[in-house]
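One line per chain: the protein sequences are Y and Z, in this order.
If you're matching positions, the first sequence starts at 1 in our numbering and goes up one per residue.
If you're matching positions, the second sequence starts at 338 in our numbering and goes up one per residue.
Virtual Cβ for every residue (Gly too), placed ideally from N, Cα, C.
A quick note: this is a predicted structure, and the numbers were derived from the prediction, not measured.
One structure below.
2 protein chains.
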Amino acid sequence: MKEWLMNEILGLDDVEALARDALKRAGASDRAAASVARSTRAAERDSIRSHGLMYVPIYAEHLRCGKVEGLAEPEVHRPKPSAVRVDAKDGFAHPAIDAGFDSLIEAATAQGIAAMTVHNSYNCGVLGHHAERIADAGLLGLCFTNAPASIAPWGGKTPVVGTNPFALGVPDGAGGATLVIDQSASAIAKSEIMLRAREGRAIEEGWAFDATGAPTTDAEAALKGSMAPAGGYKGFGAGLMVEVFAAALAGATLGKDASPFSGPLGGPPRTGQCFIAVETGALSGGAFGARIEDLAAAIADQDGARLPGSTRAAARARTEADGVIVPQDLLERIINS
Amino acid sequence: MKEWLMNEILGLDDVEALARDALKRAGASDRAAASVARSTRAAERDSIRSHGLMYVPIYAEHLRCGKVEGLAEPEVHRPKPSAVRVDAKDGFAHPAIDAGFDSLIEAATAQGIAAMTVHNSYNCGVLGHHAERIADAGLLGLCFTNAPASIAPWGGKTPVVGTNPFALGVPDGAGGATLVIDQSASAIAKSEIMLRAREGRAIEEGWAFDATGAPTTDAEAALKGSMAPAGGYKGFGAGLMVEVFAAALAGATLGKDASPFSGPLGGPPRTGQCFIAVETGALSGGAFGARIEDLAAAIADQDGARLPGSTRAAARARTEADGVIVPQDLLERIINS
Numbered sequence: 001m002k003e004w005l006m007n008e009i010l011g012l013d014d015v016e017a018l019a020r021d022a023l024k025r026a027g028a029s030d031r032a033a034a035s036v037a038r039s040t041r042a043a044e045r046d047s048i049r050s051h052g053l054m055y056v057p058i059y060a061e062h063l064r065c066g067k068v069e070g071l072a073e074p075e076v077h078r079p080k081p082s083a084v085r086v087d088a089k090d091g092f093a094h095p096a097i098d099a100g101f102d103s104l105i106e107a108a109t110a111q112g113i114a115a116m117t118v119h120n121s122y123n124c125g126v127l128g129h130h131a132e133r134i135a136d137a138g139l140l141g142l143c144f145t146n147a148p149a150s151i152a153p154w155g156g157k158t159p160v161v162g163t164n165p166f167a168l169g170v171p172d173g174a175g176g177a178t179l180v181i182d183q184s185a186s187a188i189a190k191s192e193i194m195l196r197a198r199e200g201r202a203i204e205e206g207w208a209f210d211a212t213g214a215p216t217t218d219a220e221a222a223l224k225g226s227m228a229p230a231g232g233y234k235g236f237g238a239g240l241m242v243e244v245f246a247a248a249l250a251g252a253t254l255g256k257d258a259s260p261f262s263g264p265l266g267g268p269p270r271t272g273q274c275f276i277a278v279e280t281g282a283l284s285g286g287a288f289g290a291r292i293e294d295l296a297a298a299i300a301d302q303d304g305a306r307l308p309g310s311t312r313a314a315a316r317a318r319t320e321a322d323g324v325i326v327p328q329d330l331l332e333r334i335i336n337s
Numbered sequence: 338m339k340e341w342l343m344n345e346i347l348g349l350d351d352v353e354a355l356a357r358d359a360l361k362r363a364g365a366s367d368r369a370a371a372s373v374a375r376s377t378r379a380a381e382r383d384s385i386r387s388h389g390l391m392y393v394p395i396y397a398e399h400l401r402c403g404k405v406e407g408l409a410e411p412e413v414h415r416p417k418p419s420a421v422r423v424d425a426k427d428g429f430a431h432p433a434i435d436a437g438f439d440s441l442i443e444a445a446t447a448q449g450i451a452a453m454t455v456h457n458s459y460n461c462g463v464l465g466h467h468a469e470r471i472a473d474a475g476l477l478g479l480c481f482t483n484a485p486a487s488i489a490p491w492g493g494k495t496p497v498v499g500t501n502p503f504a505l506g507v508p509d510g511a512g513g514a515t516l517v518i519d520q521s522a523s524a525i526a527k528s529e530i531m532l533r534a535r536e537g538r539a540i541e542e543g544w545a546f547d548a549t550g551a552p553t554t555d556a557e558a559a560l561k562g563s564m565a566p567a568g569g570y571k572g573f574g575a576g577l578m579v580e581v582f583a584a585a586l587a588g589a590t591l592g593k594d595a596s597p598f599s600g601p602l603g604g605p606p607r608t609g610q611c612f613i614a615v616e617t618g619a620l621s622g623g624a625f626g627a628r629i630e631d632l633a634a635a636i637a638d639q640d641g642a643r644l645p646g647s648t649r650a651a652a653r654a655r656t657e658a659d660g661v662i663v664p665q666d667l668l669e670r671i672i673n674s
């Protein structure tokens, strides 16, 4: 093992190796560790630090406490020509997605559209990276993943769906993505409320409700209540759409019944994912590429506006050249995990 | 023709016949008139008056000015096993959707998932009714339709996408829908801003921006500017997802280039739709129905919350029993249209 303690600026290869080694020490198979470590690298590369190295000690804890089965061998089924179903077997989501990915791409290319569901799974990291991977394969990708419940139906007070993001990856026809949308159903990330609670600071109006369903600016009360959906009832609607695809259609555990993605308690969350891939040529009569170019330019050319995904792309250019700064205490936690 | 002038409470059969007769007089083929009239009936049945009889004089105007080709014969192609592509030929969306619908259901049932795109189309009325129709056929339906641009990218000021709704129809396994989500990307319906402008009233904060991109409460300034997306940048993201499916994937006209859905100018809008239908048994390993029942109960059983689609279902029960009240002046406009 390298002497990580001396480094605080890491290249992306080192980020990936650091994550892979820690996951293997905690009990992940070579394949699972490699797959999750690639996602850690991609998150750090795009400056999505919440899903980067910061998550590695949590993954390691979850391997050790049995929340994730490190040696799980995902099973891939193809019950219909356009349908791929993967059982993650209580392991990480990433190797399960890897296991079915080629079938998904092959099916969508041949049939025009295909779907892959994953059940007995776990959180899948940055959902947009899976959408981008489908776009990199030349297909349009629409992805859903569910999470333990934190958002109540509009007018109610008991959480039913999680922050449940959807992601869209739009291919550029040249092995990359023109744009990537990746957005959760909540007004703000739950991690921001948890941070404020730890620091004893108030949260903004419109972020959360307390356990009685009333709006609150108290971070602790918010954590005992529910997250506000983005755009009121429409945010709940978006989260519910995701729950229908990622949980019900996958035959996975509903967010309201899933164990938390944080902490060692509750056993495997057994949440799910759904990935839809579309071959764009047949359905658009060959017009897709030109329309996307036109649409993307109408956004990117406006002062003050940005194409979804462009912030991540800019970070990528920086970190690939300069590496990432990793706090010494995080490095130590990973090495000792 | 019946003596409509004496009636102000109409049964739903009469609503449908009134719409059908007016559309035929304005130049629609029997098939197109029947298809659009069914949608008018469904809108009045569910008390979605903006898309009910109120729209019939606009449809008639658009038939007469050439914005809609009343005698169009939609063309259905099946370029891949899971892909159906319909050319609406500048006619109404409804008969084009009807023309491909059976192929969509057959393809999805056999393959696991299928998509149908429609181009050279027009607005398709209540999107949720198409999602519900897919659910009634026992499949999960996800639908997209684009509209002339009215929402600017977050931080920009020039509209790029329309109010672009998506709709989800979730089958109940017994020939109906457990829930139907049908929501636009904007904070408020554009018709509400147009109403306020006509009445000289201010609009609420958070509904719209003026032409410089600044928030406004002036309804006239809002109509010259852009609509606010629901939930800020996430509402724009939802509208952009819809634009990618309904316009780019359909090979239809982008919202930024489409002629308006109101008024006689600009020729056919040639906007588009995309419908995804999913056979839920294969992808969920048979678990879909039980999960949906559990999920729906967790919403419907909460005080103050409601299952998406339940307001429409309640209206339906009322209007099927009691009919709908139609203002005399609207009746006269339809009869004279």
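*How about Z/Ala484 and Z/Phe612: are their beta carbons less than 8 Å apart?*
Going by C-beta atoms, Z/Ala484 is not nearer than 8 Å to Z/Phe612.
*Limits of the unbroken beta strand (DSSP E) element including Y/Phe92*: From DSSP, Y/Phe92 is part of no beta strand (DSSP E); its letter is neither H nor E.
*Under 9 Å between beta-carbons, which chain Z residues line up against Y/Leu283? List them in chain order, please.*
Simply Pro416, Lys417, Ala420, Val421, Arg422, Ala452, Met453, Thr454, Leu586, Ala587, Gly588, Cys611.
*asked:* Quick check on the burial criterion: 16 or more other C-beta atoms within 10 angstroms. Buried or exposed for Y/Arg201?
replied: That one is exposed.
*Do three or more CB pairs link the segment 495-512 of chain Z to the segment 230-244 of chain Y at distances below 8 Å?*
Yes: at least three Cβ pairs fall under 8 Å.
*Spatial neighbours of Z/Ile530 in its chain, beta-carbon cut-off 7 Å, leaving aside the 5 residues before and after*: Close CB contacts of Z/Ile530 within its chain, under the 7 Å cut and outside five residues either way in sequence, are with Ile540, Trp544, Ala545, Ala556, Ala559, Leu560 (chain order).
*chain Y beta carbons: is any one of them nearer than 8 Å to that of Z/Asp367?*
Residue contact check for Z/Asp367 against chain Y: no CB pair falls below 8 Å.
*To the nearest angstrom, report how far apart Y/Gly141 and Y/Ala83 are at their CA atoms.*
Cα-Cα distance, rounded: 15 Å.
*Do you know how far the Cα of Y/Ala19 is from the Cα of Y/Ala42?*
In a straight line, the C-alpha of Y/Ala42 is about 12 Å away from that of Y/Ala19.
*Along chain C, which residues have their Cβ under 7 Å away from the Cβ of Z/Gly574?*
Annotation note: the requested chain C is absent from the structure, which comprises protein chains Y and Z.
*With 16 other Cβ atoms within 10 Å as the buried cut-off, status of Y/Cys65*: The residue is exposed, with fewer than 16 neighbouring Cβ atoms inside 10 Å.
*Within chain Y, partners of Z/Phe625 - CB distance below 8 Å*: In chain order: Ala248, Leu249, Gly251.
*Bridge-paired residues (DSSP) for Y/Pro81*: DSSP, once it has assigned bridges, lists no residue as partnering Y/Pro81.
*Would you mind listing the beta strand (DSSP E) stretches within the segment 284-335 of chain Y that are 3+ residues and don't spill past its ends, in chain order?*
None, since the segment 284-335 of chain Y contains no complete beta strand (DSSP E) of that length.
*asked:* Do Y/Ala99 and Z/Gly449 have their beta-carbon atoms positioned less than 8 Å apart in this structure?
replied: Judged by their CB atoms, Z/Gly449 and Y/Ala99 are not nearer to each other than the 8 Å cut-off.
*With a cut-off of 8 Å, does the C-beta of Z/Lys571 fall near any C-beta of chain Y?*
Residue-level contact check: Z/Lys571 touches chain Y, since one or more beta carbons of chain Y fall below 8 Å from its beta carbon.
*Which residues, taken in chain order from the segment 93-116 of chain Y, show a beta carbon closer than 7 Å to some beta carbon of chain Z?*
Of all residues in the segment 93-116 of chain Y, Gln111, Gly112, Ile113, Ala114, Ala115 have a Cβ within less than 7 Å of some Cβ in chain Z.
*Indicate the three-state DSSP secondary structure (helix, strand or coil) for Z/Glu542 in the structure shown.*
In the structure shown, Z/Glu542 sits in coil (DSSP, three-state: anything other than H, G, I, E or B).
*What first and last residue would you give for the alpha helix (DSSP H) that runs through Y/Pro57?*
Looking at the DSSP string, the run of the alpha helix (DSSP H) that includes Y/Pro57 is 56-65.
*Sort Z/Gln639, Z/Ala526, Z/Trp491 by Cα distance to Z/Tyr570 and report the nearest one.*
Comparing Cα positions, the closest option is Z/Trp491.
*For Y/Ser186 and Y/Ile151, believed in contact at Cβ under 8 Å, the rounded distance*: Rounded to the nearest angstrom, the Cβ distance from Y/Ile151 to Y/Ser186 is 6 Å, consistent with a contact under 8 Å.
*Of all Cβ atoms in chain Z, is any one closer than 8 Å to the Cβ of Y/Pro153?*
Interface annotation, Y/Pro153: in contact with chain Z, CB-CB separation under 8 Å.
*Check the Cβ-Cβ distances between Y/Val244 and every residue of chain Z, and say whether any is below 8 Å.*
Residue contact with chain Z for Y/Val244: present (Cβ-Cβ distance below 8 Å to some residue of chain Z).
*Run of the beta strand (DSSP E) containing Z/Tyr515, from where it starts to where it stops*: Before going on, a small fix: residue 515 of chain Z reads as Thr here, not Tyr. Residues 514-520.
*Flag Z/Ile385 as yes if its beta-carbon sits less than 8 Å from any beta-carbon of chain Y, otherwise no.*
Chain Y contact via Cβ: absent.
*beta strand (DSSP E) containing Y/Ala114: first to last residue?*
Note, Y/Ala114: beta strand (DSSP E), 113-121.
*Span of the beta strand (DSSP E) holding Z/Phe612?*
Taken as a continuous stretch (DSSP letters only), the beta strand (DSSP E) holding Z/Phe612 covers 608-615.
*Which of helix, strand or coil does DSSP assign to Z/Ser487?*
Reduced to three states, the DSSP call for Z/Ser487 is coil.
_Boundaries of the alpha helix (DSSP H) in which Y/Leu127 is found, first to last residue_ = In this chain, the alpha helix (DSSP H) harbouring Y/Leu127 covers 127-136.
*For Z/Phe481, which of helix, strand or coil comes out of DSSP?*
DSSP places Z/Phe481 in strand when its eight states are reduced to three.
*Just the chain Z side, please: which residues come within less than 7 Å of Y/Val170 by C-beta, in chain order?*
The CB of Y/Val170 comes closer than 7 Å to the CB of Val581 in chain Z, given here in chain order.
_Residue nearest to Z/Arg649 in terms of C-alpha spacing, selected from Z/Arg386, Z/Gly348, Z/Thr608_ = It is Z/Arg386 whose Cα lies nearest to the Cα of Z/Arg649.
*Which residue or residues does DSSP assign as beta-bridge partners of Y/Phe166?*
In DSSP, Y/Phe166 forms a bridge with Y/Phe144, Y/Gln183.
*Given that a residue counts as buried once 16 or more other Cβ atoms are within 10 Å of its Cβ, and exposed if not, what is Y/Glu332?*
Label assigned to Y/Glu332: exposed.
*Report the rounded CA-to-CA distance for Y/Val278 versus Y/Gly286, giving the unit in angstroms.*
Near 13 Å, if we compare the C-alpha coordinates of Y/Gly286 and Y/Val278.
_Closest to Y/Gln183 by C-alpha separation, out of Y/Ser35, Y/Thr217, Y/Pro165, would be which residue?_
For the residues Y/Ser35, Y/Thr217, Y/Pro165, the minimum Cα distance to Y/Gln183 belongs to Y/Pro165.
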